[in-house]
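Sequence positions in the sequence shown follow this note's numbering and run 915 to 1326. The beta carbon of each residue, even a glycine, is placed where N, CA and C say it ideally should be. Worksheet for the structure shown next.
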Amino acid sequence: MNAATIWKTPGETGGSNFIGCTRTEKRKFTRRHRRELLTPIEIEVVRALAVKSKGAPGPDGYTWKRLKNNTKAEELASFFNLWLLCGRLPTMICEGRTTLVPKVVGTKDPSEFRPVTVCSVFTRLFHSILGSRLERLLPISQRQKGFRKGDGIFLNSLTLQRCIADAKANRKNLRVAFIDLRKAFDSVGHDALWTSCRKLGVPEHFIKYCHNFYRNSSTRIVLDEKLSQPIRSRRGIKQGDPMSVHLFNAVVDYCTDKLRKDIGFTFGDEKLQFLAFADDLVNLSEDCAGLRVNCNLVAEQFSLAGLKANPAKCATLNIKVLRGTWVCDDRPFLEIAGTKVTVLSVVDTYKYLGVQIGSMNLGTNPTKSLESAVKKLSKAPLKPQQRLFLLRTFVIPKFTMHSFCHLQQVKC
915 MNAATIWKTP GETGGSNFIG CTRTEKRKFT RRHRRELLTP IEIEVVRALA
965 VKSKGAPGPD GYTWKRLKNN TKAEELASFF NLWLLCGRLP TMICEGRTTL
1015 VPKVVGTKDP SEFRPVTVCS VFTRLFHSIL GSRLERLLPI SQRQKGFRKG
1065 DGIFLNSLTL QRCIADAKAN RKNLRVAFID LRKAFDSVGH DALWTSCRKL
1115 GVPEHFIKYC HNFYRNSSTR IVLDEKLSQP IRSRRGIKQG DPMSVHLFNA
1165 VVDYCTDKLR KDIGFTFGDE KLQFLAFADD LVNLSEDCAG LRVNCNLVAE
1215 QFSLAGLKAN PAKCATLNIK VLRGTWVCDD RPFLEIAGTK VTVLSVVDTY
1265 KYLGVQIGSM NLGTNPTKSL ESAVKKLSKA PLKPQQRLFL LRTFVIPKFT
1315 MHSFCHLQQV KC
């Protein structure tokens, strides 16, 4: 049975046990949420234009500068409201251009190219407004930190570090599974997107708009200054589209909602089943059997949505109490897709959201990495102002977060 059959929408042929499942938490769109999601767009256009200033033009050649100088916010709002009312975009701005960027210089392997697709600035501006509404209104779990306001990377990595420290200090059992999904954004089924939104109570008219957008969208690959014929995608979300990432979060939320609530790790007054950052998932439990149950449950739901775990990149951590002290058991106890998952030893670490996590918190000291990054930046063939821009925009923010996490690890 394939994913399309499992994730059928109501009224279509082919029943689905997935559709009939009930959520264990009362998290759904309210009447007010539905009204806010579909309310006419007004001042949001001005705010979005103030933020959007850079980016490549789409196939229509329209740039952000031209859009701001030649189009009034009132006119754009009128167009956006018309498209939202009709439940579809004009066909001419549904097409994108895809450039294949090599991951490795000189490679000829198709799998070593990263496709980068750019669509019209009109579509990007409109979807940035819809994406902001979804981020604010979509009733997904607070454990999902991906594509949401706040420093989700820091919060999730710190929460996991605190759980490990709590287990060691208070002599508690803790089992952790790091789940890596293989090309999740490219693989998720479109039926899964609509079903997940529908189960969260997203208005049917908005789902219809999203469905029409994906059904009518196409792209042309640019290669040697030549364009391919239009290509339609039958699965995956549009990466870089500010609305689609929240649709993906809805799928992950529906899958993780199937986890058993009586299984997890007790941290303070709360029982944690999982931590999520988009497709980066961590399952927690106080016993091996419970972790296996929840990992199998979520893996099954991911499979129905077209998502597959990559056992080679998954890992587990097993901290247990033995004779009044904590030990790190490195014997394999979890299988995913018939493959035993690697277990971290007491000195091993796993790179989770850019931070090395392990039972002994022996992550890399960021000082040496910072020195290396600064040296590379100093030797790069760039102008002084370009070096300063990269230092301010990328290097300093990255190592500020890493340094703080390292200090927290030392405290733990």
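Cβ-Cβ distance between residue i and residue j below 7 Å
{"i": "ARG1057", "j": "ALA1190", "result": "yes"}
{"i": "ILE1233", "j": "SER1199", "result": "no"}
{"i": "TYR1264", "j": "ALA1219", "result": "no"}
{"i": "GLY1045", "j": "MET1157", "result": "yes"}
{"i": "LEU981", "j": "VAL1035", "result": "yes"}
{"i": "ILE1067", "j": "LEU1267", "result": "yes"}
{"i": "PRO973", "j": "ARG1011", "result": "yes"}
{"i": "PRO1225", "j": "THR1253", "result": "yes"}
{"i": "ARG1062", "j": "GLU1049", "result": "yes"}
{"i": "PHE994", "j": "PHE1040", "result": "yes"}
{"i": "PHE1313", "j": "LEU1284", "result": "yes"}
{"i": "ASN1070", "j": "LYS1059", "result": "yes"}
{"i": "LYS1271", "j": "LEU1074", "result": "Correcting the residue identity first, residue 1271 is Ile in this sequence and not Lys. Cβ atoms of ILE1271 and LEU1074: closer than 7 Å."}
{"i": "VAL1339", "j": "ALA987", "result": "Outside the shown range of the chain (915 to 1326) lies residue 1339, about which nothing can therefore be said."}
{"i": "LEU1248", "j": "VAL1241", "result": "no"}
{"i": "LEU1095", "j": "ALA1223", "result": "yes"}
{"i": "ALA1106", "j": "VAL1165", "result": "yes"}
{"i": "LEU1291", "j": "ARG1306", "result": "no"}
Paired residues, beta bridge with residue i - DSSP
{"i": "SER1132", "result": "GLU1009"}
{"i": "ALA1219", "result": "Answer is none; ALA1219 lacks a bridge partner."}
{"i": "PRO1053", "result": "BP columns for PRO1053 are empty, so no partner."}
{"i": "GLU1249", "result": "LYS1254"}
{"i": "THR1307", "result": "Beta-bridge pairing links THR1307 to no other residue."}
{"i": "CYS1000", "result": "BP columns for CYS1000 are empty, so no partner."}
{"i": "GLN1058", "result": "ALA1190"}
{"i": "VAL1032", "result": "ARG1011"}
{"i": "PHE1181", "result": "GLU1184"}
{"i": "PRO1016", "result": "PHE1027"}
{"i": "ASN1149", "result": "Going by the sequence as given, residue 1149 is Arg instead of Asn. Answer is GLY1103, bridged to ARG1149."}
8 Å contact criterion, which residue i and residue j should meet: CB distance rounded
{"i": "VAL1090", "j": "VAL1196", "result": "6 Å"}
{"i": "THR1133", "j": "GLU1026", "result": "Not a contact, Cβ separation roughly 20 Å."}
{"i": "LEU1173", "j": "GLN1187", "result": "5 Å"}
{"i": "LEU1051", "j": "LEU951", "result": "6 Å"}
{"i": "CYS1124", "j": "LEU1161", "result": "6 Å"}
{"i": "CYS1209", "j": "ILE1250", "result": "7 Å"}
{"i": "PHE1303", "j": "VAL1116", "result": "In fact, because the Cβ distance is near 39 Å, the residues do not count as touching under 8 Å."}
{"i": "ILE1145", "j": "ILE1135", "result": "7 Å"}
N-terminal and C-terminal residue of the beta strand (DSSP E) that residue i is part of
{"i": "GLU1184", "result": "1184-1186"}
{"i": "ASP1138", "result": "From DSSP, ASP1138 is part of no beta strand (DSSP E); its letter is neither H nor E."}
{"i": "TYR1264", "result": "1264-1266"}
{"i": "ASN1197", "result": "1194-1199"}
{"i": "THR1239", "result": "1239-1242"}
{"i": "VAL1269", "result": "1269-1271"}
Continuous alpha helix (DSSP H) stretch holding residue i: start and end
{"i": "ARG948", "result": "945-952"}
{"i": "LYS1234", "result": "Where LYS1234 is concerned, there is no enclosing alpha helix (DSSP H), although the beta strand (DSSP E) it sits in stretches over 1229-1236."}
{"i": "ASP1080", "result": "1066-1083"}
{"i": "VAL1090", "result": "Run containing VAL1090: none in the alpha helix (DSSP H); it sits in the beta strand (DSSP E), 1088-1093."}
{"i": "ARG1112", "result": "1104-1113"}
{"i": "ILE957", "result": "957-965"}
{"i": "VAL1166", "result": "1158-1170"}
{"i": "ARG980", "result": "978-984"}
{"i": "ALA1098", "result": "1098-1101"}
From the options, residue whose alpha carbon lies closest to that of residue i
{"i": "GLU958", "options": "LEU990, ILE1271, PRO971 and PHE1120", "result": "LEU990"}
{"i": "PHE1092", "options": "LEU1141, LEU1258 and HIS947", "result": "LEU1258"}
{"i": "PRO971", "options": "PHE1247, ILE1145, THR1031 and GLY1001", "result": "THR1031"}
{"i": "CYS1169", "options": "ILE1054, ARG1076, ASP1155 and TRP1240", "result": "ILE1054"}
{"i": "LEU1221", "options": "PRO1295, LEU1114, ASP1194 and GLN1299", "result": "ASP1194"}
{"i": "LEU998", "options": "ARG949, ASN983, VAL960 and LYS1059", "result": "ARG949"}
{"i": "THR1013", "options": "VAL965, ARG1301, SER1217 and LEU1137", "result": "LEU1137"}
{"i": "GLN1153", "options": "VAL1261, ARG1112, TYR1128 and GLU1285", "result": "TYR1128"}
{"i": "SER1110", "options": "PHE1120, ASP1167 and ASP1094", "result": "ASP1167"}
{"i": "HIS1244", "options": "LYS1185, VAL1261 and ALA1251", "result": "It is worth fixing the name first, because residue 1244 is Asp in this sequence and not His. When each option's Cα is compared against that of ASP1244, the closest is VAL1261."}
{"i": "PHE1181", "options": "LYS1082, ALA1251, ALA1164 and VAL1288", "result": "LYS1082"}
{"i": "LYS966", "options": "SER1042, LYS986 and ASN984", "result": "SER1042"}
{"i": "ARG946", "options": "VAL1241, PRO1246 and ARG1047", "result": "ARG1047"}
{"i": "SER1147", "options": "LEU1141, ASN1163 and ASN1130", "result": "ASN1130"}
{"i": "VAL1235", "options": "CYS1202, VAL1288 and LYS1175", "result": "CYS1202"}
{"i": "VAL1207", "options": "LYS1175, LYS1185, GLY1238 and LEU1231", "result": "LYS1175"}
{"i": "VAL1269", "options": "LEU1072, PHE943, SER1217 and TYR976", "result": "LEU1072"}
{"i": "LEU1231", "options": "ASN1163, PHE1216 and SER1273", "result": "SER1273"}
{"i": "LYS1227", "options": "LYS979, THR1005 and LYS1097", "result": "LYS1097"}
{"i": "ILE955", "options": "ALA964, TYR976, LYS968 and LEU996", "result": "LEU996"}
{"i": "SER1286", "options": "ASP1080, LYS1297 and ILE1310", "result": "ILE1310"}
{"i": "THR953", "options": "HIS1119, LYS1282 and ASP1171", "result": "HIS1119"}
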